[in-house]
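Shown next, in structure tokens, is the structure this report addresses.
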Amino acid sequence: MDLSKIKTLIDFVGRSNITELTVTEKDVTVRIFRSPPNEAATAVAEAGQKPLSTSSSAADTPSNAEKLSQAVKAPVFGVLHRAPAPGEPPFVAIGDEVEEGQTLFIVEAMKVFNTIAAPRAGRIVGLTDIDGGEVETGDLLAEIA
């Protein structure tokens, strides 16, 4: 697919009401997406996401720190890997303390491996159960308190 076709597709998405377009030509797939026009659409999309696994002991009632947790979302569409390689332990688990910049996941997109780092130090209070499956841009992957 040449650059002029990709530019035409980008213009089309910009002028229309759609938020995502996927086009495949021969062996090349192009995905173009944009943010919804208002926050209400974002809230609906986030409400429909797969829930995170959370720890469930009686001592783990939501505290002020957990209410102020920071979401870690998928920056790109791709295949989520929770471990550095098959058969190895995952980068993080619920309850783990993490440092800012520590690798939490890898998202494989078009044979490029993107590392997802912790945006801040804290404790993992929520974690997706997806491993080896596809995630969309903006999907909630973890929460750090």
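With the working numbering applied, the sequence shown covers 1 to 145.
Note that beta-carbon positions come from the ideal geometry of N, C-alpha and C, so glycine has one too.
Treat the numbers as computed from the prediction; the structure is a model and nothing was measured.
For the beta strand (DSSP E) holding residue i, just list the boundary residues, first then last.
i   : result
L68 : Premise fails: L68 is in no beta strand (DSSP E) and is neither H nor E.
Given a threshold of 16 other Cβ atoms within 10 Å of its Cβ, counted over all protein chains shown, does residue i qualify as buried or as exposed?
i    : result
E143 : buried
L127 : buried
V28  : exposed
F12  : exposed
V92  : buried
L3   : exposed
E78  : What sits at residue 78 in the sequence shown is Gly, not Glu. Buried: at least 16 other Cβ atoms inside 10 Å.
F113 : exposed
Expressed to the nearest angstrom, what Euclidean distance is found between the alpha-carbon atoms of residue i and residue j?
i    : j    : result
T103 : G132 : 17 Å
F33  : V135 : 14 Å
D96  : R123 : 6 Å
A109 : L68  : 30 Å
L87  : K7   : One point to set straight first is that residue 87 is Gly, not Leu, in the sequence displayed. Approximately 42 Å, taken between the alpha carbons.
How is the alpha helix (DSSP H) around residue i delimited, first residue to last?
i    : result
G126 : Looking at the DSSP string, G126 is not in any alpha helix (DSSP H); the run it does join, the beta strand (DSSP E), is 122-127.
Figure out for me which residue from the options has the closest Cα to the Cα of residue i.
i   : options           : result
D30 : K5, V98, E99, H81 : Here the sequence assigns Val to residue 30, which means Asp is not the residue at that position. Selected option, being the one with the closest Cα: K5.
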